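Novice: Heads up: the sequence shown begins at 89 in the numbering used here, then just goes up one per residue.
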Amino acid sequence: MDENRNMDRKYLAFDIETAKILPADAGDLMSHRPLGICCTATLASDEDTPQLFYSTNPDETPAAQMTRDDLSNFVDFLMNRSNEGYTIVTWNGSGFDFNILAEESDRFDACKQLVLGHVDMMFQVFCLRGFAVSLNAAAKGAGLEGKLSGVDGSMAPQLWRDGEFQRVWDYVAQDCKTTLDVAVTMEQQNTFRWVTKRGSISQFDLQTGWFSVQNANDLPLPDTSWMDNPWPRSKFIEWLE
Numbered sequence: 089m090d091e092n093r094n095m096d097r098k099y100l101a102f103d104i105e106t107a108k109i110l111p112a113d114a115g116d117l118m119s120h121r122p123l124g125i126c127c128t129a130t131l132a133s134d135e136d137t138p139q140l141f142y143s144t145n146p147d148e149t150p151a152a153q154m155t156r157d158d159l160s161n162f163v164d165f166l167m168n169r170s171n172e173g174y175t176i177v178t179w180n181g182s183g184f185d186f187n188i189l190a191e192e193s194d195r196f197d198a199c200k201q202l203v204l205g206h207v208d209m210m211f212q213v214f215c216l217r218g219f220a221v222s223l224n225a226a227a228k229g230a231g232l233e234g235k236l237s238g239v240d241g242s243m244a245p246q247l248w249r250d251g252e253f254q255r256v257w258d259y260v261a262q263d264c265k266t267t268l269d270v271a272v273t274m275e276q277q278n279t280f281r282w283v284t285k286r287g288s289i290s291q292f293d294l295q296t297g298w299f300s301v302q303n304a305n306d307l308p309l310p311d312t313s314w315m316d317n318p319w320p321r322s323k324f325i326e327w328l329e
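1) Using 10 angstroms around the beta-carbon of LYS265, count the other beta-carbons present and answer buried if the total reaches 16, otherwise exposed.
2) Taking C-beta to C-beta, are THR144 and PRO245 nearer than 8 Å?
3) Which residues share a DSSP beta bridge with LYS98?
4) What does DSSP give as the partner residues of GLU275 in its beta bridges?
5) Looking at the ligand ATP, does it come within less than 7 Å of PRO138, judged from the CB to the closest heavy atom?
6) Starting from LEU140, trace the beta strand (DSSP E) both ways and give me its first and last residue.
7) Thinking ARG217 and PRO310 are a contact (beta carbons under 8 Å), I'd like their distance in whole angstroms, please.
8) Among the residues of its own chain, which have a CB less than 8 Å from the CB of GLN302, if the five just before and after it don't count?
9) From the DSSP output, which residues share a beta bridge with CYS199?
10) To which residues of the same chain is ALA261 closer than 8 Å at the C-beta, ignoring the five residues directly before and after it?
11) Suppose you measure from the CA of GLY241 to the CA of LEU328; what does that come to, to the nearest Å?
12) Of the residues ASN317, HIS120, THR296, which one's Cα is nearest the Cα of GLN212?
13) Reducing DSSP to helix, strand and coil, say where ASP240 ends up.
14) Return the first residue and the last residue of the alpha helix (DSSP H) that ILE325 is part of.
15) Could you give the distance in angstroms between the alpha-carbon of LEU166 and the alpha-carbon of GLY287?
16) May I ask which residues mark the beginning and end of the alpha helix (DSSP H) holding ALA114?
17) Mind checking which residues open and close the beta strand (DSSP E) that includes GLN291?
18) In terms of residues, what are the limits of the beta strand (DSSP E) holding LEU131?
19) For my contact list, SER101 and LEU232 are in at a C-beta cut-off of 8 Å; report their separation, rounded to the angstrom.
20) By the three-class DSSP mapping on this structure, what secondary structure does TRP248 have?
21) Distance check for LEU223 and ASP147, CA to CA, integer angstroms please.
22) Okay, do the segment 120-128 and the segment 186-197 touch, 3+ Cβ pairs below 8 Å being the bar?
23) In whole angstroms, what separates the C-alpha of ASP116 from that of LEU110?
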């Protein structure tokens, strides 16, 4: 799998924000599909400014959610960037972002191709350790700024509906920046670090660099005998079947 090791890779971080407003006690987000997408963003490692994508009403104001055609065009954008040599990188893009994008764009085959070839850092950590780590925990472990404070993904649909578009754009843009920074920083340091729920720093070797989802899924299953209810890998990638 050492073909994945390439310190000169051009990365393209990608993130979505959903559109459906849910109650605070909604539980599993995926059980409330279809969720819609209000906006998406990307940030390339050779660019300074994120690109934002959203649909508009006839008066050019942002629409409540992105149309199927606009999302299909966004899938084409991701495929074009991949063909141009960019490695798409996400945090749980396999289990969430691409899953929702495939449903909302009706581009399942294209999204499946993108998923298998891209780097989902959280999925790789899960394949190696058997548990998930949050993006913010990884960012803090790397000494990075992390996610935007005062906003979280569950707030984005209501903020968007209330017309606070800039707050949502700032949030999704910062998520892309954090994802990109984590990918580059930890690959350069050859180490994955994160802040545990107890507040301590844990880490493991990352000498082999970041794997594609397809290659991460080929890793041996980790020992999860110490867990009460370990998640299977299918939790993140079953939809690809």
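Every residue, glycine too, gets a C-beta built ideally from N, C-alpha and C. Note that this is a predicted model, so its numbers are computed, not measured.
Specialist: If we stick to the structure as given:
1) In the sequence shown, residue 265 corresponds to position 177, counting from 1. By the neighbour-count rule (16 or more Cβ atoms within 10 Å), LYS265 is buried.
2) For the purposes of this step, residue 144 is identified with residue 56 of the sequence shown, where counting begins at 1. For the purposes of this step, residue 245 is identified with residue 157 of the sequence shown, where counting begins at 1. No, the Cβ-Cβ distance between THR144 and PRO245 is not below 8 Å.
3) Taking the first residue of the sequence shown as position 1, residue 98 is located at position 10. Among the bridge pairs identified by DSSP, LYS98 is matched with TYR174.
4) By 1-based counting over the sequence shown, the position of residue 275 is 187. Paired residues: none, contrary to the question.
5) The ligand ATP is absent from the structure shown, which contains no ligands of any kind.
6) Residue numbering aside, residue 140 sits at position 52 when the sequence shown is read from its first letter. According to the DSSP assignment, LEU140 belongs to the beta strand (DSSP E) that extends over 139-141.
7) Here residue 217 refers to the residue found at position 129 when the sequence shown is read from its first residue. Here residue 310 refers to the residue found at position 222 when the sequence shown is read from its first residue. The pair is a contact, with the Cβ atoms about 6 Å apart (cut-off 8 Å).
8) Here residue 302 corresponds to residue number 214 of the sequence shown, with the count starting at 1. Excluding residues within five positions, the ones whose Cβ falls inside 8 Å are LEU204, GLY205.
9) One-based indexing of the sequence shown puts residue 199 at position 111. Answer by DSSP bridge pairing: none, since CYS199 is not bridged.
10) Here residue 261 corresponds to residue number 173 of the sequence shown, with the count starting at 1. Scanning its chain for C-beta atoms nearer than 8 Å, with the 5 sequence neighbours on each side dropped, one finds around ALA261 the residues ALA129, LEU131, PRO138, LEU140, in chain order.
11) Taking the first residue of the sequence shown as position 1, residue 241 is located at position 153. Taking the first residue of the sequence shown as position 1, residue 328 is located at position 240. Rounded to whole angstroms, GLY241 and LEU328 show a C-alpha spacing of 24 Å.
12) Counted from its first residue, the sequence shown places residue 212 at position 124. Measuring from the Cα of GLN212, the nearest candidate turns out to be THR296.
13) Locating residue 240 in the sequence shown gives position 152, counting from the first residue. Residue state, collapsed to three classes: coil.
14) Within the sequence shown, the letter at position 237 stands for residue 325. Residues 322-325.
15) Residue mapping note: residue 166 aligns to position 78 of the sequence shown, counting from 1. Residue mapping note: residue 287 aligns to position 199 of the sequence shown, counting from 1. When rounded, the separation of the alpha-carbon atoms in LEU166 and GLY287 is 36 Å.
16) In the sequence shown, counting from the first residue as 1, residue 114 sits at position 26. Taken as a continuous stretch (DSSP letters only), ALA114 belongs to no alpha helix (DSSP H), as it is neither H nor E.
17) Within the sequence shown, the letter at position 203 stands for residue 291. Secondary structure note for GLN291: its beta strand (DSSP E) is the uninterrupted segment 289-293.
18) Counting from 1 along the sequence shown, the entry for residue 131 is found at position 43. Annotation for LEU131: the continuous beta strand (DSSP E) segment containing it runs 125-132.
19) Against the sequence shown, residue 101 aligns to sequence position 13. Against the sequence shown, residue 232 aligns to sequence position 144. Before going further, note that residue 101 is Ala rather than Ser in the sequence given. Incorrect: roughly 13 Å between the Cβ atoms, too far for contact.
20) Residue 248 sits at position 160 when you count from the first residue of the sequence shown. Looking at TRP248 - three-state DSSP - the assignment turns out to be helix.
21) For this step, residue 147 is matched to residue 59 along the sequence shown. For this step, residue 223 is matched to residue 135 along the sequence shown. If I take the Cα positions, the gap works out to 36 Å.
22) Result yes; three or more Cβ-Cβ pairs closer than 8 Å.
23) As a first step, residue 116 must be located in the sequence shown, where it is residue number 28. As a first step, residue 110 must be located in the sequence shown, where it is residue number 22. C-alpha separation (whole angstroms): 11 Å.
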